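Undergrad:
In the numbering used here, the protein residues as written are 5 to 255.
1. Which residues bound the alpha helix (DSSP H) around residue 217?
2. Buried or exposed: residue 144, going by 16 or more other Cβ atoms within 10 Å of its Cβ?
3. Might you give, ordered along the chain, the residues of its own chain that have their beta carbon closer than 6 Å to the beta carbon of residue 133, omitting 5 neighbours on each side?
4. Buried or exposed: which applies to residue 189, given that a residue is buried once 16 or more other Cβ atoms fall within 10 Å of its Cβ?
5. Please classify residue 136: does DSSP put it in a helix, a strand, or coil?
6. So, residue 9 versus residue 238, is the Cβ gap smaller than 8 Å?
7. Nearest-angstrom Cα distance between residue 197 and residue 62?
8. Is it the case that the Cβ atoms of residue 181 and residue 150 are separated by a distance below 8 Å?
9. Quick check: what's the CA-CA separation for residue 171 versus residue 125?
10. For the candidate residues 33, 26, 53 and 38, whose alpha-carbon lies nearest to that of residue 19?
11. Considering only the beta carbon of each residue, do residue 209 and residue 99 sit closer than 8 Å?
12. Short of 8 Å in beta carbon distance, which residues of its chain neighbour residue 178, apart from the five on each side in sequence? Order them along the chain.
13. Ordered along the chain, which non-local residues of its own chain (more than five positions away) have a Cβ less than 7 Å from that of residue 69?
14. Please go through the region 20-94 and give each complete beta strand (DSSP E) segment of 3 or more residues, from N-terminal end onward.
15. Going by DSSP in three states, residue 204 sits in which element: helix, strand or coil?
16. Indicate the three-state DSSP secondary structure (helix, strand or coil) for residue 127 in the structure shown.
17. Taking the CB atoms as reference points, tell me whether residue 249 and residue 225 lie closer together than 8 Å.
18. Rounding to the nearest angstrom, what Cα-Cα distance links residue 252 and residue 39 in this structure?
19. Helix, strand or coil, according to DSSP, for residue 192 in the structure here?
20. How should residue 242 be labelled, buried or exposed, when 16 other C-beta atoms within 10 angstroms of its C-beta is the threshold for buried?
21. Whole-angstrom Cβ separation of residue 184 and residue 211, contact assumed at under 8 Å?
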């Protein structure tokens, strides 16, 4: 376990929040409850987001959900803490070994990791179910980048079967493949874990916001992959949540 990477700011770091409106009340739901708590100011949100909250509260609001974003808060999925997100990408870049040819970036979003790692790979495949994120990733993509909107477990499972068709004479062996997975809190499905074992990348980098499902998945993958490092990041100060990055090598 490596030391935790801290957040430079403990407050005013979130680039977006989602508030709820009902019967004239605007705020957050109490934990594990449908009771809506009126919120005038969110201490962990950026000043720009709080200004948007004040503007929202100053007008008649229909019942519903409202996501308030700073300019840095993309409409496709991104991390909510810009400073720690930068540290996360730098960490991933350090964890990728030299001499790799193919990066498979599962749950790639708009290319958050892939764009950072362009110089380290000959080819990159990014996969995400969100077609809007994939459209964003394809904007200004280089010839070495391929972004696929589809089912992650199906597309990861297809990589080792279709690599030669996609990459011709430079189809990489498993020793030249790095796989990054950054799944939602539910973690990896059983089918995706099986696809990862079949792909057998030399390096597996798992980014998780849920230590419980991370532990489950690493246990299931343990016969195939050896954990090399575990690095926590304080992505969500003042909350019980934490981001964890695990680097593992194929046995």
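We put the CB at the ideal spot given by N, CA and C, even for glycine.
Owing to the predicted nature of the structure, the values given are computational and were not obtained by experimental measurement.
TA: Let me spell this out:
1. 215-225
2. exposed
3. none
4. exposed
5. helix
6. Inclusion of residue 9 and residue 238 in the CB contact set at 8 Å is warranted, their separation being smaller than that value.
7. 48 Å
8. no
9. Residue confidence is low: residue 171 scores 45 on pLDDT, short of 50, so the model does not pin down where it sits. No coordinate-derived value is stated.
10. Considering only alpha carbons, the answer is 53.
11. Taking 8 Å as the Cβ cut-off, residue 209 and residue 99 qualify as a contacting pair.
12. Within the same chain, residue 178 has close Cβ partners 164, 203, 204, 205, 206 and 254.
13. 22 and 24
14. 20-26, 29-33, 40-42 and 68-73
15. coil
16. strand
17. No; because the gap between Cβ atoms is not below 8 Å, this pair is not in contact.
18. 43 Å
19. coil
20. exposed
21. 7 Å
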